[in-house]
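In the numbering used here, the protein residues as written are 9 to 170.
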């Protein structure tokens, strides 16, 4: 067991800016410490890794409506608290920039460069009308289901649900 690489698995369920920051901070920190890291994005967490373009490609009225209201993309993430009609999110991004803290886009790129696996949940994509991998950034790995997450979690020293 001592020769095996330590692993961290994170479920990104929530799509709020502060939750995304926490998840990517932990993922990149663990990767910098030599850990193998997998991030499994499901439900609202899928918004973090969606492209920022905002095109609606869903089929069916309900899925189109859901995707119209829930466009996703890292540029649309809001704070879970103190959003204040977007003012809180703007303030947080300004404070981050003032102290040279990376943006979510920069953290996603860093994570990918550090070898972090970023996997969208295929089942949730089907439910939420996300037709294929083209809806996501190029940094993501291929879609996978809950069995992928459970296998990763079973082999991990640390598993987090954010």
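C-beta: ideal position from N, C-alpha, C; glycine also.
The structure displayed is predicted, hence computed values, not measured ones.
Cα-Cα separation between residue i and residue j, rounded to whole angstroms
i: residue 16; j: residue 69; result: 38 Å
i: residue 169; j: residue 82; result: 19 Å
i: residue 92; j: residue 101; result: 14 Å
i: residue 118; j: residue 152; result: 22 Å
i: residue 58; j: residue 52; result: 10 Å
i: residue 123; j: residue 14; result: 14 Å
i: residue 28; j: residue 163; result: 23 Å
i: residue 42; j: residue 120; result: 14 Å
i: residue 21; j: residue 125; result: 16 Å
i: residue 54; j: residue 88; result: 16 Å
i: residue 77; j: residue 161; result: 32 Å
i: residue 149; j: residue 159; result: 16 Å
i: residue 139; j: residue 111; result: 27 Å
i: residue 56; j: residue 84; result: 9 Å
Simplified DSSP assignment, three categories, for residue i
i: residue 122; result: coil
i: residue 44; result: strand
i: residue 16; result: strand
i: residue 87; result: coil
i: residue 105; result: helix
i: residue 157; result: helix
i: residue 32; result: helix
i: residue 69; result: helix
i: residue 25; result: helix
i: residue 151; result: coil
i: residue 50; result: coil
CA nearest to the CA of residue i, picked from the options
i: residue 131; options: 114, 154, 143 and 141; result: 154
i: residue 80; options: 159, 61, 114 and 94; result: 61
i: residue 135; options: 87, 108, 73 and 125; result: 73
i: residue 24; options: 158, 49, 45 and 41; result: 49
i: residue 127; options: 110, 109, 112 and 146; result: 146
i: residue 137; options: 86, 75, 107 and 47; result: 75
heavy atom of the ligand NAD below 7 Å from residue i C-beta
i: residue 127; result: Looking for the ligand NAD in the displayed structure turns up nothing, as the structure carries no ligands at all.
**Report entry** Cβ pair count under 8 Å reaching 3, the stretch 25-35 against the stretch 103-119
**Finding:** With a cut-off of 8 Å, the stretch 103-119 and the stretch 25-35 count as touching, because enough Cβ pairs lie within range.
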